[in-house]
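Engineer: Following the working numbering from start to finish, the sequence shown increments by one per residue and tops out at 293. If you scroll down you'll find the structure; I have some questions about it.
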Amino acid sequence: MGIIRKDDAGTISRFDFTGKRVVAETEARPMVFPDFSPSPHDFSDSAGEEPGGPSQADEGDEAAEEEDRIGELRAPMGNERLDGGGSPSLAPMPMQSMPPAPFMTMPPVAPIEPPPAPIFEVPQELVQSIYEDAVLRGLDDGKGQVMAELQVLQERYASALDMLDQVSRQLVDRNRLTLITLACKIAERLTRHHLSVHPEHLMKLVKEAIIELEEKDEVVVMCAAPDHAFLTSRRAELAHGMGDAFRIQVVADEALEYGDFRVETRGGAADGRVASRLEEVHDALLGLNSKET
1 MGIIRKDDAG TISRFDFTGK RVVAETEARP MVFPDFSPSP HDFSDSAGEE
51 PGGPSQADEG DEAAEEEDRI GELRAPMGNE RLDGGGSPSL APMPMQSMPP
101 APFMTMPPVA PIEPPPAPIF EVPQELVQSI YEDAVLRGLD DGKGQVMAEL
151 QVLQERYASA LDMLDQVSRQ LVDRNRLTLI TLACKIAERL TRHHLSVHPE
201 HLMKLVKEAI IELEEKDEVV VMCAAPDHAF LTSRRAELAH GMGDAFRIQV
251 VADEALEYGD FRVETRGGAA DGRVASRLEE VHDALLGLNS KET
């Protein structure tokens, strides 16, 4: 067996039990202990002995084996002694005779690479300025877009108002025309009723028409059948002041309505129909309406 000195016991890092030798790795040098396999007498106690105890032959064999082991230990380790006594020293074996000890190798660990440094660093003030500028531009763009949409809506609203005004004017014009036409029709009815109640007014209208024509010889007065008898009875009044040669002829016309008359002479004619007189009023009112618009 090998002996480990007290000074070397604290420096042993590991033991290598490969093969039949034991190698103790220390910081200074390796220590080799040959023939590590146990001897039979090491297990004599556990295996059990015969009741009579070991024989002398067995004891002699054990002594011989012990001497052989000591000799093998002395051979590679040298015979130098630490002191004057007889214990052998633990001189190390030459490095050339030592078998290579197997070592466990760990897989290489990749080093942790630091993050790459930024190419350039933007100041915080510049970032804040860019952000504020972007916000302002966004607000300006939003305002511009809203104003453009409002402009479009305003134009559409103005166009709608113009169309509404035109429609309103057209309705007013149509209403005026309708009112004028309706008023003329009402006036016609009222006039005919008035002339039927007051026939002397019809005679006055016929007299004025004869005077305007300035005829001195003969005049033909055409009237409605209901007015024929009244005008015939008043021919002398109609011819008064026109001269002795002036003659008036009253003729009934079925095409004329009550209150209508027509005066015909050689030089011209006068239309005394109620509808004709109201048409003149109607046209006059339409002329005023067109001037106002």
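Beta carbons: idealized from backbone N, C-alpha and C, even for Gly. Computed from a prediction, not measured in an experiment: that's the story for all the values here.
1) Measure the CB-CB distance between V295 and L202 and report whether it falls below 8 Å.
2) For G267, tell me which candidate among E218, E125, N175 has the shortest Cα-Cα distance.
3) Just curious, the alpha helix (DSSP H) that R262 is in, first and last residue?
4) I'd like the list of long-range same chain contacts for R235, defined as Cβ closer than 7 Å, with 5 residues on each side in sequence excluded.
5) Less than 8 Å between the C-beta atoms of S196 and Y258, yes or no?
6) Give me the DSSP bridge partner(s) of E218.
7) When you compare only the Cα positions, how much space is there between H198 and A187?
8) What number of angstroms, rounded off, separates the C-alpha of L139 from the C-alpha of R176?
9) To the nearest angstrom, report how far apart D283 and I180 are at their CA atoms.
10) In terms of residue numbering, what span does the alpha helix (DSSP H) encompassing D173 cover?
11) Across which residues does DSSP place A270 in a beta bridge pair?
12) Quick one, which of I210, G241, L205 has its alpha-carbon nearest R273's?
13) Report all residues from its chain with a CB closer than 7 Å to the CB of P226; omit the five preceding and five following residues, and keep chain order.
14) Please classify A158 as buried or exposed, where buried requires at least 16 other C-beta atoms within 10 Å of its C-beta.
Structural biologist: Let me lay it out:
1) Lying outside 1 to 293, the shown extent of the chain, residue 295 is not represented and no answer is given.
2) E218
3) Per DSSP, R262 belongs to no alpha helix (DSSP H); it is in the beta strand (DSSP E), 261 to 264.
4) I248, V250
5) yes
6) R247
7) 16 Å
8) 54 Å
9) 9 Å
10) 124 to 197
11) V263
12) L205
13) Y258
14) exposed
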